[in-house]
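Here the sequence shown is numbered in the numbering used here, starting from 1398 and rising by one per residue. See below for the structure under consideration.
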Amino acid sequence: MKILQNSGVPIYKQIAEQFESDILAGIYAQGEYLPSIRGLAKDLKISVITTMKAYELLEQQGLVTAVQGKGYYVNAQDSEMLREQHLRKVEEALQEAIRAAKRAGMTEKELKEMMTLLLKMEEQE
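Pasting the structure below:
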C-alpha cells in the first residue's frame, strides 16, 4: 500500500481508495479479512485512528463488514454494483481530467482528439 504524505488527499481516504480498488479488482475476495487495524497502522507508520477511519469509510460504502473482535471482512459484491462502482471511478477520473484540461487551456476538440489518440494507443498495447 502506497501512502503519499503530500498529496492533499487525507491518508484515511488514500487507504480506503486503495482497498476499494483492490476489492473491486478481486484482489480481496468475498469473506476475506482485511489486515488488522493495528497491524496496518504499524506497517504504514500511521495512527490507529486513521486506519480505523479508513475501514469505517469502507463499511459505509458497503464494501466490508466489521465483526466484533475479529476485524473487517469483504462483503459479497453484486456484479451490477461492481460495474456501477467501476463506472463511478471512471467518471470521477474523467471529470478530473476535464478539469485539468481546462486549467491547461485545452479546447473541447483538443481534449477529444487526445482521448481518441489515447484509446488507440491503449488498443495497440
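Glycine residues also receive a C-beta, built at the ideal position from the N, C-alpha and C atoms.
Query, Result
"Just list the residues that DSSP pairs residue 1468 with in beta bridges.", "1464"
"With C-beta atoms as the reference, is residue 1472 less than 8 Å away from residue 1484?", "no"
"Per the DSSP calculation, residue 1430 is bridged to which residue(s)?", "1470"
"Could you tell me whether any non-hydrogen atom of the ligand ADP is closer than 7 Å to the CB of residue 1431?", "The model depicted lacks the ligand ADP and carries no ligand whatsoever."
"Hey, how far is the Cα of residue 1403 from the Cα of residue 1435?", "23 Å"
"So residue 1448 is in the alpha helix (DSSP H); what residue range does that whole segment cover?", "1445 to 1457"
"Considering Cα atoms alone, identify which of 1424, 1410, 1496 and 1400 is closest to residue 1458.", "1410"
"Let's see if you can read the secondary structure: which residues bound the alpha helix (DSSP H) around residue 1413?", "1408 to 1421"
"When DSSP labels each residue in this structure, what does residue 1522 get in the three-state scheme?", "coil"
"Go ahead and pull the three-state DSSP assignment for residue 1512.", "helix"
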